[in-house]
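Take a look at the structure below.
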Amino acid sequence: QPAAASKDEL
Amino acid sequence: MTLFRLAGDLSHVLAILLLLYKIWTTKSAAGISGKTQLMFCMVYVTRYLDLFTSFISVYNSTMKVLFISASVATVYLIYFKFKATYDGNHDTFRMEFVIVPALILALIWNYAFTFFEISWAFSIFLEAVAILPQLFMVTKTGEAENITSHYLFALGSYRALYILNWIDRYYFEGHWDPIAVTAGIVQTVLYGDFFYLYFTRVIKGRKLQVLP
Numbered sequence: 252q253p254a255a256a257s258k259d260e261l
Numbered sequence: 535m536t537l538f539r540l541a542g543d544l545s546h547v548l549a550i551l552l553l554l555y556k557i558w559t560t561k562s563a564a565g566i567s568g569k570t571q572l573m574f575c576m577v578y579v580t581r582y583l584d585l586f587t588s589f590i591s592v593y594n595s596t597m598k599v600l601f602i603s604a605s606v607a608t609v610y611l612i613y614f615k616f617k618a619t620y621d622g623n624h625d626t627f628r629m630e631f632v633i634v635p636a637l638i639l640a641l642i643w644n645y646a647f648t649f650f651e652i653s654w655a656f657s658i659f660l661e662a663v664a665i666l667p668q669l670f671m672v673t674k675t676g677e678a679e680n681i682t683s684h685y686l687f688a689l690g691s692y693r694a695l696y697i698l699n700w701i702d703r704y705y706f707e708g709h710w711d712p713i714a715v716t717a718g719i720v721q722t723v724l725y726g727d728f729f730y731l732y733f734t735r736v737i738k739g740r741k742l743q744v745l746p
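Protein chains in written order, with the working numbering: chain H, 252 to 261; chain G, 535 to 746.
As structure tokens, then:
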């Protein structure tokens, strides 16, 4: 699982 | 969405509303760092640039609009409407000491070297340290009003709850966001002293006073 920004978070 | 995340968001909303309520009802911004609020405003604007480019959910968009508008309103109340009550003499932390490092770090550590991603990383890093002028002010004046203490507690709890959310997501979804997690840990650690004082004093019905 690649590192990804939590863009669904606030 | 995990329960920790929901609790964290509600704590964040509560903090913002508590601060607005305090300033509005007392018609005073005394004891509040305008610099911290100005930086939080920068945090929301630079993070939510995607508001009109990528839709995630009604919840997500609503919260983004709420955070930006409440933050702008707070800054307006401090620097315009109740400017006379703003304690600028005690708000002496230099903002460039945290804005410049956050920007440099965002240019080095981001998920893609694009305007949106650098802006997002900058926002995450700046949020971690944006509370420093406020904590500095409490230390300098030696005390904080109870409602200011509740505000700080709710604001500090929000990122601490997000840490639990990130642990949950890592275990159950394999999701892991190193930039947000690192900044979130720094942010929560900065509240350490304050949390201690809050539990030992404010909860026991006393005013929060910093020992000399």
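Think of the CB as a built atom: it goes at the ideal place given N, C-alpha and C, for glycine as much as any other residue.
Give the straight-line distance between the Cα atoms of residue i and residue j, rounded to the nearest whole angstrom.
i      : j      : result
G/G548 : G/A646 : According to the sequence shown, residue 548 of chain G is Leu rather than Gly. In a straight line, the C-alpha of G/L548 is about 33 angstroms away from that of G/A646.
G/G726 : G/V577 : 22 angstroms
G/L669 : G/T596 : 29 angstroms
G/F589 : G/T570 : 29 angstroms
G/Y732 : G/T587 : 41 angstroms
G/F627 : G/T536 : 36 angstroms
G/A618 : G/H709 : 47 angstroms
G/V632 : G/I665 : 10 angstroms
G/D543 : G/A662 : 16 angstroms
G/S545 : G/I642 : 31 angstroms
G/N644 : H/K258 : 13 angstroms
G/R740 : G/F538 : 29 angstroms
G/F659 : G/E677 : 27 angstroms
G/A717 : G/L686 : 18 angstroms
G/Y492 : G/K561 : Residue 492 of chain G cannot be examined here, being either before or after the span of chain G that is shown, 535 to 746.
For residue i, which residues from the same chain have a beta carbon less than 7 angstroms from its beta carbon, with the 5 sequence-adjacent residues on both sides left out?
i      : result
G/F656 : T580, A636, L637, A640
G/C575 : S605, V606, V609
G/D584 : F650
G/S683 : Y732, V736, L742
G/I681 : L552, K556
Say whether chain H places a C-beta atom closer than 8 angstroms to the C-beta of residue i.
i      : result
G/M597 : yes
G/I550 : no
G/N594 : yes
G/R740 : no
G/I590 : yes
G/A636 : no
G/D625 : no
G/A714 : yes
G/D539 : The question names Asp, yet the displayed sequence has Arg at residue 539 of chain G. Yes, G/R539 counts as interfacial toward chain H.
G/D702 : no
G/I727 : What sits at residue 727 of chain G in the sequence shown is Asp, not Ile. It does not: the Cβ of G/D727 has no partner Cβ on chain H nearer than 8 angstroms.
G/D711 : yes
G/D621 : no
Residues in the same chain with beta-carbon distance under 6 angstroms from residue i, minus the five sequence neighbours each way, listed in chain order, please.
i      : result
G/W700 : V715
H/P253 : Any answer about H/P253 is weak, because its pLDDT of 43 lies below 50 and its placement is not dependable; what the coordinates show is given next. Cβ within range, chain order: n/a, list empty.
G/Y620 : A563, G568, I612
G/K598 : Y582, L585
G/Y555 : none
G/L689 : A549
Would you list the one or two residues that DSSP bridges to residue i?
i      : result
G/L742 : G/A678
Chain G beta carbons: is any one of them nearer than 8 angstroms to that of residue i?
i      : result
H/Q252 : Low per-residue confidence applies at H/Q252: pLDDT is 39, beneath 50, and the placement is therefore not dependable enough to give any value.
H/D259 : yes
Could you tell me if the beta carbon of residue i falls within a distance shorter than 7 angstroms of some heavy atom in the ligand NAP?
i      : result
G/L585 : As far as ligands go, the structure on display features none, and thus does not contain the ligand NAP.
Residues in its own chain within less than 8 angstroms of residue i by CB, not counting five upstream and five downstream?
i      : result
G/T734 : none
G/I719 : I697
Whole alpha helix (DSSP H) elements within the stretch 666-726 of chain G, 4-residue minimum: Entirely contained in the stretch 666-726 of chain G, the alpha helix (DSSP H) runs reaching 4 residues are, in chain order, 666-675, 680-707, 712-724.
Start-end ranges of the alpha helix (DSSP H) lying completely within the stretch 577-645 of chain G, minimum 4 residues: Fully enclosed alpha helix (DSSP H) runs of 4 or longer: 592-610, 630-642.
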